[in-house]
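All residue numbers for the sequence shown refer to this note's numbering, where the first residue is 757 and numbers rise by one.
Glycine included, each C-beta is placed from N, C-alpha and C at the ideal position.
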Amino acid sequence: MNVEPAVKNGANLNCKVCDQVGATVKCFKNRCTNFYHVGCATKDRAVFYKNKSFFCHGHIPKGEKDQELTSLAVYRRVFIDRDEDRQIAKVMTNGIETQVLRVGTLLFLSVGQLLPHQLLSFSNRDYIYPIGYKIVRYYW
757 MNVEPAVKNG ANLNCKVCDQ VGATVKCFKN RCTNFYHVGC ATKDRAVFYK NKSFFCHGHI
817 PKGEKDQELT SLAVYRRVFI DRDEDRQIAK VMTNGIETQV LRVGTLLFLS VGQLLPHQLL
877 SFSNRDYIYP IGYKIVRYYW
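Okay, here's the thing in structure tokens:
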């Protein structure tokens with residue numbers, strides 16, 4: 757739930773441990789300003805709870821040991837509903853320089869460009885080959 761807003765907000769938040777952007781986990785303690793990547797939070801001895809709350813090491817509640825998660829492993833299929841059509845439309849309208857476009861395991865670095873006079877040289881019946889097209893594919 758709420759993956760899109762978390763990714764968007766995390767793009768501007770630095771992790772307390774590694775100081776890199778993309779931190780999406782915040783301590784539940786009021787006025788605590790600690791944000792983490794999930795992996796960095798576990799390295800910093802933060803605690804995740806069964807009720808989906810999270811506390812940094814300095815704010816772990818007392819007497820809640822039985823509610824702590826012992827593992828962050830997920831043994832079921834997880835589906836994240838992302839509006840990929842809207843993402844593609846934004847990239848086509850605003851350019852990829854201001855957007856991060858990910859479709860499945862493909863991360864688009866550049867959608868490339870194909871001008872009308874290049875269509876015969878850089879396309880066939882089934883495919884187009886835009887000049888400058890560049891992607892990264894993640895293999896889980």
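For N807, which residues from the same chain have a beta carbon less than 8 Å from its beta carbon, with the 5 sequence-adjacent residues on both sides left out?
-> Q823, listed in sequence order.
Please name the residue or residues paired with E824 in a DSSP beta bridge.
-> Y805
Between the C-alpha atoms of E820 and K782, what's the straight-line distance to the nearest angstrom?
-> Distance between the alpha carbons of E820 and K782: 19 Å.
Euclidean distance between Cα positions of V834 and H815 = C-alpha separation (whole angstroms): 29 Å.
Consult DSSP for Q967 and reduce its assignment to one of helix, strand or coil.
-> Residue 967 falls outside the range modelled here, since the chain spans only 757 to 896, and no answer is possible.
May I ask which residues mark the beginning and end of the alpha helix (DSSP H) holding V773?
-> Neither: V773 is in no alpha helix (DSSP H) and is coded neither H nor E.
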